[in-house]
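In my numbering, the protein residues as written are 1188 to 1478. Backbone N, C-alpha and C fix where the C-beta goes; we use that ideal spot for every residue, glycine too. Just below is one structure, and these are the notes that go with it.
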């Protein structure tokens, strides 16, 4: 009997230590203390080689949109939207957040999509690095910039706004980026993740540019109800936010190359509609020259 009680006490103690360690790690992550912080220019040097830019024909300078992929990384969907933007007279920069960190597709699904790695408040540093590169590109008009994000990419954009509003640096940076969102004119979000640890749910902030979003009704991966709640709050506070909700489709409806075991489905009609909305937003907000 005493042996059993001793064993139970040891087991309970071990479980308590384990739970405490997990809680401490989560607390560090929520506080942005899980990464060593460094200089902005060093992070830019990490990200810049992995940016892919599509330019419209001609010398420019062109307005530009920066594209932020979902948790699975750069897939065919990003190249399709980039090509569409370039054909509409807007340069498109695909921001790859995974390759610089050595994250391949399978690792992304296992680690990033499950929240074990690369939260948006860390990836926000990539966003600012890409903006800095765009502003320094002589073929890009730094006064006409837009951001577009899908799922985890949408989470990244909104977290970046929330961090900037509170004067906080993205995780991994020792101070807030110097130029903030200078030149930003528009934001386009597709099924953005705004649940769980997303800062937009817990903080008030004013988006630095109008937001237009496309949500998925009863989205099993990125709650449309949570996103609509955040957008309604921002709109009530005076922000320029609008959104529509698509029914009869799944999260990732515009991605044609899902993992073979995924339950997400590609929908060509919804993809065409959303891509048209994307181009319409770019033309209204950035005023590109006819191609």
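DSSP on residue i, reduced to helix/strand/coil?
i, result
"residue 1399", "strand"
"residue 1417", "helix"
"residue 1437", "coil"
"residue 1450", "coil"
"residue 1458", "helix"
"residue 1226", "coil"
"residue 1472", "helix"
"residue 1265", "helix"
"residue 1272", "helix"
"residue 1411", "helix"
Starting from the C-beta of residue i, find all residues in its chain whose C-beta is less than 6 angstroms away, skip the five residues before and the five after it, and write them out in chain order.
i, result
"residue 1398", "1374, 1428"
"residue 1471", "none"
"residue 1465", "1375"
"residue 1231", "1316, 1319"
"residue 1211", "The pLDDT assigned to residue 1211 is 34, lower than 50, so where the model puts this residue is not dependable, and the model offers no usable value."
Out of the options, which one is the CA nearest neighbour of residue i?
i, options, result
"residue 1401", "1460, 1366, 1388, 1278", "1460"
"residue 1410", "1452, 1388, 1393", "1388"
"residue 1417", "1445, 1390, 1354", "1390"
"residue 1439", "1302, 1318, 1403", "1403"
"residue 1240", "1337, 1367, 1324", "1324"
"residue 1305", "1316, 1382, 1222, 1230", "1222"
"residue 1348", "1462, 1421, 1394, 1229", "1394"
"residue 1384", "1447, 1307, 1291", "1307"
"residue 1237", "1377, 1271, 1313, 1244", "1313"
"residue 1302", "1337, 1382, 1456", "1382"
"residue 1407", "1346, 1419, 1452", "1452"
"residue 1412", "1457, 1380, 1268, 1357", "1380"
"residue 1309", "1430, 1350, 1266, 1367", "1350"
Between residue i and the rest of its own chain, which residues show a CB-CB distance below 7 angstroms, the 5 nearest in sequence each way excluded?
i, result
"residue 1473", "1250, 1277, 1331, 1333, 1372, 1373"
"residue 1340", "1255, 1256, 1257"
"residue 1477", "1276"
"residue 1467", "none"
"residue 1214", "Note that residue 1214 has pLDDT 35, beneath the 50 cutoff, so the model's placement of it is unreliable and no number is given."
Based on the DSSP secondary-structure assignment, which residues constitute the bridge partners of residue i?
i, result
"residue 1278", "1251"
"residue 1239", "1281"
"residue 1463", "In DSSP, residue 1463 forms no bridge with anything."
"residue 1429", "1399"
Which same chain residues, not among the five before or five after residue i, have their C-beta less than 8 angstroms away from its C-beta?
i, result
"residue 1365", "1227"
"residue 1295", "1258, 1259, 1260, 1285"
"residue 1263", "1442, 1443, 1444"
"residue 1338", "1257, 1258, 1377, 1378, 1379, 1380, 1408, 1409, 1438, 1439"
Please report whether the beta-carbon of residue i lies at a distance below 8 angstroms from any beta-carbon of chain D.
i, result
"residue 1411", "In the displayed structure, chain D is absent; only one protein chain is listed."
Q: Please specify which runs of the beta strand (DSSP E), each continuous and at least 3 residues long, are wholly inside the segment 1283 to 1365, giving them in chain order.
A: 1327 to 1337, all fully within the segment 1283 to 1365.
Q.
Please give the ranges of any beta strand (DSSP E) in the segment 1367 to 1395, keeping only runs that are unbroken, at least 3 residues long and fully inside the region.
A. As summarised for the segment 1367 to 1395, the continuous beta strand (DSSP E) elements at least 3 residues long and confined to that stretch are 1371 to 1377, given in chain order.
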